[in-house]
Each structure stands twice: as structure tokens, then as C-alpha cells.
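Heads up, the thing below is written out as C-alpha cells.
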Amino acid sequence: MDTQQRTGDALERAAKRLEEVEARASEAEARAARAERLAQLKTEEIERERRLREMLDRIAQAEQRASEAEQQARETVNRIAEGEPEEPVVEAKEPKPQEQPVAEPEEPEEPVAESAQPAAEPGPGGPHADVATPSSAAEGKINLNQATYDELRGLELSVTQTGRVLAHREQAGGFKSLDELDSIVGFPQAVLTELKRKLTI
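For the sequence shown, position 131 matches number 177 in my numbering, and the numbering has no gaps at all.
Dropping the structure here:
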């Protein structure tokens, strides 16, 4: 009887022990599953954050390109508003003085000597020629308040510049001073300086 009782008690304790071990094993497996799930969620979160950063970088790059495009558009509009077509006229005007002095000095030197001989022949005509020079120089200047469209274009002004000069003259009722040209948009300083030499009021 004692042996059977001890055996029964041992079996009962073993059964309880088995239940405890199985319970701990189940709990450990549950914790492991939760840990694995958390690790998976963490990995997915890291991947989402990476994709989000890439997306934000692409958005920032797109915004920068859009900003640069808008800036270029504004600059283009400003150049058009300020009279961009006049720039090629200024650039085309600059080479002319450079080419003419280079081409003329070589050939005129010989004709100068030839023209000096006829000049010495008419003695009485010399004073008259000197007197005519200043008058012809004065006549060479164009009255800004009477200048026509073609005359202004003949001063190497662009179509836009000529139109602005005529519009200002019409609105102001005529120019009172050549310095009023400084207030007209689209005239570089070099163009104004050269233009004032050829005009009068």
C-alpha cells in the first residue's frame, strides 16, 4: 500500500511538473512569437521610414527644380519687359567701331597725301571750307523733338527703342532736355552717350 501510494504521489507530482513545464514552454513560445512579430514590425517600420525619406528627397528635388524653373521664367519675363530685343543691337553696334578703325587706317593713309594736293590749289576756297565745317556739323545733329521714325532708326536705334522715344515725346509734349532720355527704359549708358552726341533740342 505504501509503495502504491508513493507511486501515486510521484505520478501526481510528475503530472503537475509536466503541466508547469508545458505552461512555461507555451509562455516562452508566445513571448518568442511576440518578439518575432515585433522584430518584423520593426523591420517593416524601418523600411517604411526609408521609403518615406526617399520620397521626401524626391519631393525636395522636384520642388527645387520647380523653383529654378519659376526663377528662369521670371528672369525671362523681366528681360522681355525691359526690352530684351535691344541687347543684340548694342552687341552688333560694338563690333562696327572695332572693324572700321582696323580697315580704314591702312588705305586712307595713301589717299590722304593725294587729297592734300587738291586742297592746296584753291587758296581762296580754304576759308570758306573752314566756315562750312562747323555749320555742316551743326546740321548733322537731329532735333529730337522733330525727328521722324526713320531718322531715329538711322541713329542705330532698335524698333523698340525708337518706339519708346516717340511715345515719351508724345506723352510729355516734347523733350525739354536730352537728359530725359535717361528715364526711358531699355537704353544702356553707352547707347545714351552716343545718342546724345547726335541729337539736339
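In this text, a Cβ means the ideal position worked out from N, Cα and C, and glycines have one as well.
Paired residues, beta bridge with residue i - DSSP
i, result
"Asn189", "Thr246"
Residue span of the alpha helix (DSSP H) that contains residue i, given as start and end
i, result
"Glu90", "48-128"
Three-state class that DSSP yields for residue i in the structure shown
i, result
"Gly219", "coil"
"Thr194", "coil"
"Ser229", "helix"
"Glu202", "coil"
"Leu241", "helix"
Environment of residue i [buried if 16+ CB atoms lie within 10 Å]
i, result
"Ser113", "exposed"
"Ala193", "buried"
"Leu84", "exposed"
### Query
Are there three or more Cβ pairs, one per stretch, closer than 8 Å when the segment 214-221 is compared with the segment 235-244?
Under the three-pair Cβ rule at 8 Å, the segment 214-221 does not count as touching the segment 235-244.
### Query
Given 8 Å as the limit, is there contact between the segment 228-235 and the segment 204-211, that is, 3 or more CB pairs closer than that?
Yes, the segment 228-235 is in contact with the segment 204-211.
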